[in-house]
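Undergrad: Sharing a structure, written as structure tokens. Questions coming.
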């Protein structure tokens, strides 16, 4: 069975991999390292081994020089090759100033994900440019509310609270992409669960973040019955123990009913974007 995992009860090979990555970062960043923080599904108890990524934020005291950033990025990419799961790391390094008072646009020192791996290893990343990420404020909100400190200073000492109305603006901006054209057909179960999660955020209005898993469960209880079969299927695929190739991760290796997906898209457009 593909059980939902959290940091406290995750498979030993996953925990060992993360701990080795932490040790590598301690070696690479030395006294510049402030802390390493887990967020996302593994922090919230909804990590499913065949589908989920490991989400990390690393905070440093001061900006990374180009040579240091290149070395740290390469170390992360090489360590990530040894991961025991199909899902990769999703990791950003930011300064403590950015963590405490999140600016918009939000700069980062270094980012790693599966999409960045080859560029990092082939020395194709220009670390001299200041780069920003519109997703970072959302990630930092998840760290602030439901993250886990894996190493270093406590979350409450390092991270400031990002204004909720700005967080919701970012959430709606992300939703707009999902609901644009036929984008929902590209990554069906991810889109369905994210739509449910946005409905939950808007309807509860209690300034609390939720996982995709929690969003899907909320959708089954509160969204029209006509969508329940689709939502349940999205949850089943997300939770499935079935291993799928990297190319099929977006669909979970399944065929999806385009008409049902587009009907949900239109409903979400009407209810969430029309105001």
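Residue numbers (our numbering): 32 to 306. Heads up, the beta-carbon is just placed ideally off N, CA and C, and yes, glycines get one too. Small disclaimer: the values here were computed from a predicted structure and weren't measured.
Using only the alpha-carbon positions, how far apart do residue 131 and residue 234 sit?
TA: Rounded to the nearest angstrom, the two C-alpha atoms are 29 angstroms apart.
Undergrad: Which residues bound the alpha helix (DSSP H) around residue 269?
TA: Looking at the DSSP string, the run of the alpha helix (DSSP H) that includes residue 269 is 259-270.
Undergrad: Which residues share a DSSP beta bridge with residue 64?
TA: Within the DSSP secondary-structure output, residue 64 pairs in a beta bridge with 91.
Undergrad: What residue from 115, 126 and 118 has the CA that sits closest to residue 60's CA?
TA: It is 126 whose Cα lies nearest to the Cα of residue 60.
Undergrad: Using the DSSP secondary-structure output, state which residues sit across from residue 138 in a beta bridge.
TA: 163
Undergrad: Between which two residues does the beta strand (DSSP E) holding residue 182 run?
TA: 179-183
Undergrad: Please determine, among 144, 177 and 150, the residue with the shortest C-alpha to C-alpha distance to residue 77.
TA: 177
Undergrad: Buried or exposed: where does residue 135 fall if 16 or more other Cβ atoms within 10 Å of its Cβ makes it buried?
TA: exposed
Undergrad: With a floor of 4 residues, list each alpha helix (DSSP H) that falls wholly inside the region 170-248, ordered by position along the chain.
TA: 186-189, 195-209 and 219-235
Undergrad: Let me make sure I understand the geometry here. Which of 166, 253, 84 and 98 has the alpha-carbon closest to that of residue 232?
TA: 253
Undergrad: How about the region 145-162 and the region 45-57: do they share at least three Cβ pairs that are nearer than 8 angstroms?
TA: no
Undergrad: Rounded to whole angstroms, what is the Cα-Cα separation between residue 318 and residue 185?
TA: Because the chain spans 32 through 306 in this model, residue 318 falls outside it and cannot be assessed.
Undergrad: Between the alpha carbons of residue 142 and residue 289, how many angstroms are there, rounded?
TA: 34 angstroms
Undergrad: Taking 8 angstroms as the cut-off, decide whether the C-beta atoms of residue 273 and residue 35 are in contact.
TA: No.
Undergrad: Which residue's Cα is closest to the Cα of residue 91: 124, 210, 226 and 237?
TA: The shortest C-alpha separation from residue 91 is found at 124.
Undergrad: Going by beta-carbon coordinates alone, are residue 69 and residue 179 separated by less than 8 angstroms?
TA: yes
Undergrad: What is the rounded straight-line gap between the Cα of residue 108 and the Cα of residue 284?
TA: 27 angstroms
Undergrad: Rounded to the nearest angstrom, what separates residue 163 and residue 140 at their Cα positions?
TA: 9 angstroms
Undergrad: Are the region 241-250 and the region 216-230 touching, with three or more C-beta to C-beta distances below 8 angstroms?
TA: yes
Undergrad: Mapping the DSSP letters down to three states, classify residue 254 as helix, strand or coil.
TA: The answer is coil: DSSP assigns residue 254 none of H, G, I, E or B.
Undergrad: Hey, out of 63, 85, 236 and 53, whose CA is closest to residue 94's CA?
TA: 63
Undergrad: Checking 8 angstroms against the spacing of the C-beta atoms, do residue 110 and residue 152 come in under that value?
TA: Contact flag unset, no.
Undergrad: For my contact list, residue 292 and residue 216 are in at a C-beta cut-off of 8 angstroms; report their separation, rounded to the angstrom.
TA: Their Cβ separation, rounded to whole angstroms, is 6 angstroms, which keeps residue 292 and residue 216 in contact under 8 angstroms.
Undergrad: Kindly provide the ranges of any alpha helix (DSSP H) runs that are 4 or more residues long and lie completely inside the region 92-158, ordered along the chain.
TA: 97-112, 127-131 and 145-152
Undergrad: Beta-carbon separation of residue 172 and residue 240 under 8 angstroms?
TA: yes
Undergrad: Taking residue 263 as the reference, which of 219, 237 and 276 has the closest Cα?
TA: Nearest C-alpha to residue 263: 219.
Undergrad: Using DSSP bridges, identify the partner residues of residue 78.
TA: 36
Undergrad: Determine whether the beta carbon atoms of residue 88 and residue 181 lie at a separation below 8 angstroms.
TA: no
Undergrad: Nearest CA to the CA of residue 56: which residue from 74, 84, 102 and 40?
TA: 102
Undergrad: Taking C-alpha atoms, which residue in 145, 202 and 196 lies nearest to residue 166?
TA: 202
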